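According to my numbering, the sequence shown is numbered sequentially starting from 27. Glycine included, C-beta positions come from ideal geometry on N, C-alpha and C. Just so we're clear, the structure is a prediction, and the values are computed from it rather than from any experiment.
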Amino acid sequence: MLFNFPKMSSLPIELWTKILEIGIQDCGLSYKDLCCISISCRLLHRLSVEDSLWNRLLSSDFPSSSTSSSSSSSKSLYKLRFERDKERKIAAHRRVVLRKESQILEHSRRLHDIQTCVSQEKLKAIQTSTELSHLRRVREASVALNVWQPEVVRGRQKQMVEQCVVPAESRIRTLEMELRLCKQHILGLEKSYRDEKCRLDNAKEELESLKYHPLRKHKPVGGGENEHKVKRKMLKSCNNSKHCCIGR
27 MLFNFPKMSS
37 LPIELWTKIL
47 EIGIQDCGLS
57 YKDLCCISIS
67 CRLLHRLSVE
77 DSLWNRLLSS
87 DFPSSSTSSS
97 SSSSKSLYKL
107 RFERDKERKI
117 AAHRRVVLRK
127 ESQILEHSRR
137 LHDIQTCVSQ
147 EKLKAIQTST
157 ELSHLRRVRE
167 ASVALNVWQP
177 EVVRGRQKQM
187 VEQCVVPAES
197 RIRTLEMELR
207 LCKQHILGLE
217 KSYRDEKCRL
227 DNAKEELESL
237 KYHPLRKHKP
247 VGGGENEHKV
257 KRKMLKSCNN
267 SKHCCIGR
């Protein structure tokens with residue numbers, strides 16, 4: 027609003043300088059605003075390089091750094107500090123990205139370990155179940171020998187049956203307990219896998235948001251380019267069909 031006067035020269039230069047200083051000090055005028063003002067006219071372009079303005083920007087944007095410099099102007103000093111601060115922020119952002127990538131690798135390693143443990147527990151459960159079924163058949167066979175076989179055969183098998191019954195029963199109880207423990211362990215591992223998978227997905231989403239920048243080229247994830255091409259073809263075909271209908 028201040029720069030729509032009929033003649034810029036109607037106000038003294040000192041007043042324009044004071045207006046810019048007040049804009050930087052009280053209205054939050056940034057270096058971007060000052061650069062935009064500098065291309066509006068020759069007078070403001072000449073005033074925008076004043077050391078007093080850039081000294082105020084230096085003290086507001088970089089208060090911890092010293093502003094005393096005899097060899098270079100305040101604008102060049104601000105540019106140097108700005109570039110250093112930009113490099114520092116980029117390096118910090120890279121460290122955050124690398125830290126997040128290391129977290130993703132750690133989550134992936136844990137998922138692989140959990141999958142290995144689940145496969146081992148399932149194999150152990152299958153082996154235990156197989157042995158348990160065999161022992162149950164042995165127990166059923168021993169009962170059948172006592173019931174159905176004649177006295178002559180029963181007498182010959184009695185010693186062997188008596189030797190097998192007690193160890194088989196204790197072994198069956200042990201295997202049943204092991205099978206229940208294996209199932210509980212598998213359920214716990216599967217829950218841990220789901221939780222770790224959720225953490226991995228969240229870390230990947232955070233990494234994508236960290237890598238995304240609106241002013242850089244951003245490649246869509248999961249074949250997004252092909253989807254956009256298909257959508258463009260569909261829109262073109264719809265538009266062509268509409269033109270044909272209108273022409274008829």
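- Under the three-state reduction of DSSP, Cys53 is assigned to coil, being neither helix nor strand.
- Distance from the Cα of Glu222 is smallest, within the candidate group Lys105, Ser196, Leu131, for Leu131.
- Ile50 and Ala117 have their C-alpha atoms some 29 Å from each other.
- Residue ranges of uninterrupted alpha helix (DSSP H) with 4 or more members are absent from the stretch 142-167; none lies entirely inside it.
- With respect to Tyr219, Ile152 sits apart: the two C-beta atoms are not nearer than 7 Å.
- Here the stretch 104-113 makes no contact with the stretch 210-217; the two share fewer than three CB pairs at distances below 8 Å.
- When secondary structure is reduced to three states using DSSP, Leu37 falls in the coil class, being assigned neither helix nor strand.
- Counting C-beta atoms within 10 angstroms of its own C-beta, Leu161 has 16 or more neighbours from the protein chains shown and is therefore classed as buried.
- Arg72 and Pro89 have their alpha carbons spaced roughly 26 Å apart.
- Spanning the alpha carbons of Ser134 and Leu236 requires a straight line of approximately 19 Å.
- When Leu60, Leu149, Asp87, Ser86 are compared, the shortest CA-CA separation from Val75 is found for Leu60.
- Here the alpha carbons of Lys115 and Ile65 stand approximately 28 Å from one another.
- In the same chain as Ala194, and ignoring 5 residues on each side of it, the C-beta atoms closer than 8 Å to its own belong to Leu161, Val164, Arg165, Ser168, in chain order.
- Going by beta carbons, Ser100 and Trp80 fall inside the 7 Å limit.
- Your pair Glu157 and Leu226 does not check out as a contact, with CB atoms roughly 37 Å apart and the cut at 8 Å.
- In this structure, Cys208 sits away from Lys126, with a CB-CB distance that is not shorter than 7 Å.
- Taking 8 Å as the upper bound for CB-CB distance, Ala229 and Gln146 are not in contact here, some 26 Å apart.
- Its chain contains no residue whose beta carbon lies nearer than 7 Å to that of Arg206 once the 5 sequence neighbours on both sides are disregarded.
- With contacts defined by Cβ atoms closer than 7 Å, Ile63 and Leu69 do not form a contacting pair.
- Judged by DSSP in its simplified three-state form, Ser74 adopts coil rather than helix or strand.
- In the three-state scheme derived from DSSP, where H, G and I count as helix and E and B as strand, Ser218 is classed as helix.
- Counting only residues of its own chain and dropping the five nearest sequence neighbours on each side, Val122 has a CB closer than 8 Å to the CB of Leu236.
- Per DSSP, reduced to three states, the secondary structure at Ser134 is helical.
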